[in-house]
Structure formats: C-alpha cells, structure tokens
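Just so we're aligned: 109 in my numbering is position 109 of the sequence shown, and the numbers increase by one with no gaps anywhere.
Written below as structure tokens is the structure these notes are about.
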Amino acid sequence: MKLTDTQRSLLEAAAKHPQKLLTDFPANLKGGALIKVLTALGNAGLIAPHNKTPEGNTQFVISTAGLEAIGLTPQQPPKQREGTKQATLIELLKRPEGVSLAEMVQATGWQQHTVRGAMAGALKKKLGLNIVSDKTDGQDRKYRITTETV
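Structural data, given as structure tokens:
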C-alpha cells in the first residue's frame with residue numbers, strides 16, 4: 001500500500017509514542033476524513049484497535065506491518081540472562097504442575113510482593129509471557145507459564 005503523507009505522519013508519530021498509540025492527529029483531519037484514513041490503515045493491517053477511552057472513542061496502535069511500512073524494524077523482545085533470579089523464576093514457572101508463591105520466595109530469596117511484581121512487570125509486560133494461576137481446594141495457589149491465549 002502506498003501511504004499518503006497524512007498516513008505516513010500518523011504512523012511515524014505512533015512509532016515514537018511509548019505505547020505505539022496513534023495520538024497526534026492533524027488539526028485539519030476531522031470527521032469523515034479521519035474515519036477514511038483510519039479505515040484505510042486498519043484494512044491494510046497497519047493499525048489495530050487497542051482500547052476505548054473514557055469518552056468511548058477507540059484508540060489505535062501501530063502494528064508490526066505498520067512499523068515495517070514506514071521502514072522501521074519492530075523491536076525484538078528482551079533477551080533472558082541465564083543464572084539470574086529472574087531465570088530461576090521462569091524455570092520454576094515452566095513446570096507443568098506449576099509452582100507456589102512460597103516456593104518462588106524460597107528459590108529467589110525475594111519477598112512475596114517482589115515475586116508478584118516480577119511476574120506482573122518483567123515476565124508478563126516486558127517478556128510477554130502468559131502466566132496463569134490455579135487454586136485447588138485445600139492447596140496453595142499454583143502459578144505456571146502457558147502458551148494459551150487469554
């Protein structure tokens with residue numbers, strides 16, 4: 001798809017945004033013209049819906065194809081270092097039966113809130129791992145990494 005100047009400027013601005021959101025719309029791009037530009041970008045797979053604003057408007061995020069369309073290479077996920085507490089945590093979470101919070105605390109030497117924060121921040125957000133938890137009656141909650149999509 002050959003990009004118009006407006007489409008290119010929207011994608012370039014989104015590529016610079018920390019969350020890759022389309023936020024910088026030109027003042028002259030309103031109503032039907034805005035819808036037409038967003039529809040064309042969406043149909044080409046260059047943007048995707050992200051979430052809704054409190055006002056009910058849909059926010060869009062630039063896709064991998066959108067980054068490539070403006071000549072950028074998508075960032076590679078951060079590499080995992082071996083022999084770290086984070087690597088230990090990942091290995092424990094890879095167990096098919098899962099791992100309890102107490103076992104993770106003992107293995108890493110971290111406090112419970114640090115383990116939970118590492119799972120939510122470093123493992124889920126930064127590394128993109130899918131962590132699920134299960135609780136069976138009378139047993140501790142077990143956490144594990146899964147390939148299932150939520």
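Cβ coordinates follow ideal geometry from the N, Cα and C atoms, glycine included.
In this text, all values refer to a predicted model and were calculated from it rather than measured experimentally.
Gln-111 is classed as exposed because its beta carbon has fewer than 16 other beta carbons within 10 Å across all chains shown. In this structure Lys-142 does not touch Glu-91 by the C-beta definition: roughly 15 Å separates them, more than the 8 Å allowed. Pairing Ala-40 with Glu-12, the inter-Cα distance amounts to about 16 Å. For Met-1, the number of other beta carbons within 10 angstroms of its own is below 16, and it is reported as exposed. Around the beta carbon of Ser-133, fewer than 16 other beta carbons lie within 10 angstroms, which makes this residue exposed.
In this structure, the beta-carbon distance from Gln-80 to Leu-22 does not fall below 9 Å. Here the segment 101 to 116 makes no contact with the segment 60 to 76; the two share fewer than three CB pairs at distances below 8 Å.
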